[in-house]
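Numbering (the working numbering), first residue to last: 2 to 149.
Down below is the structure, laid out as structure tokens.
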């Protein structure tokens, strides 16, 4: 899971946070593998996020438009965002992170499965938006997860 575990880890963070279930990255990785959402040598198929969320009893929607205000509106409504990042501060290729809130300045609070350091910083929404993956599918690059 070390190299390709960001998708299952991001999903586990969201599921555990929204449902209170004791779900681990190992649980969501096993679910991903069993349901065909793991691509050997590449990581998670993008559909893992919406289908995995639904599999654990959550609602998953595409976030549009991709603006700082839409990020903050979703987060202020007790929803979480899973973002598929492209090249930039988070990755050279593709990487899933979770946005879970924002600070008094409107910067976005994240949980990055690969970095405690990046997780301890608040990020300008514009920075996140400009670094989103341009090749996302299945409702990405930003999914809104919520209780049904």
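Built from N, CA and C at the ideal position, the CB exists for glycine as well.
| query | result |
| --- | --- |
| With contact counted as at least three CB pairs below 8 Å, one residue from each stretch, are the segment 62-74 and the segment 125-134 in contact? | yes |
| Run through the segment 71-95 for me and flag every whole alpha helix (DSSP H) of 4 or more residues, listed as ranges in chain order. | none |
| Less than 8 Å between the CB atoms is what I'm expecting for residue 59 and residue 19, so what's the real figure, rounded? | 6 Å |
| Let me know the secondary structure DSSP gives residue 110 once reduced to three states. | strand |
| Just curious, the beta strand (DSSP E) that residue 143 is in, first and last residue? | 143-147 |
| My output table needs one value for residue 99: the three-state DSSP class, helix, strand or coil. | strand |
| Per the DSSP calculation, residue 124 is bridged to which residue(s)? | 109 |
| Assign residue 145 to buried or exposed, taking buried as 16 or more other Cβ atoms, counted over all protein chains shown, within 10 Å of its Cβ. | buried |
| For my contact list, residue 48 and residue 139 are in at a C-beta cut-off of 8 Å; report their separation, rounded to the angstrom. | 4 Å |
| What alpha helix (DSSP H) runs, 4 residues minimum, are completely inside the segment 12-59? | 26-35 and 49-56 |
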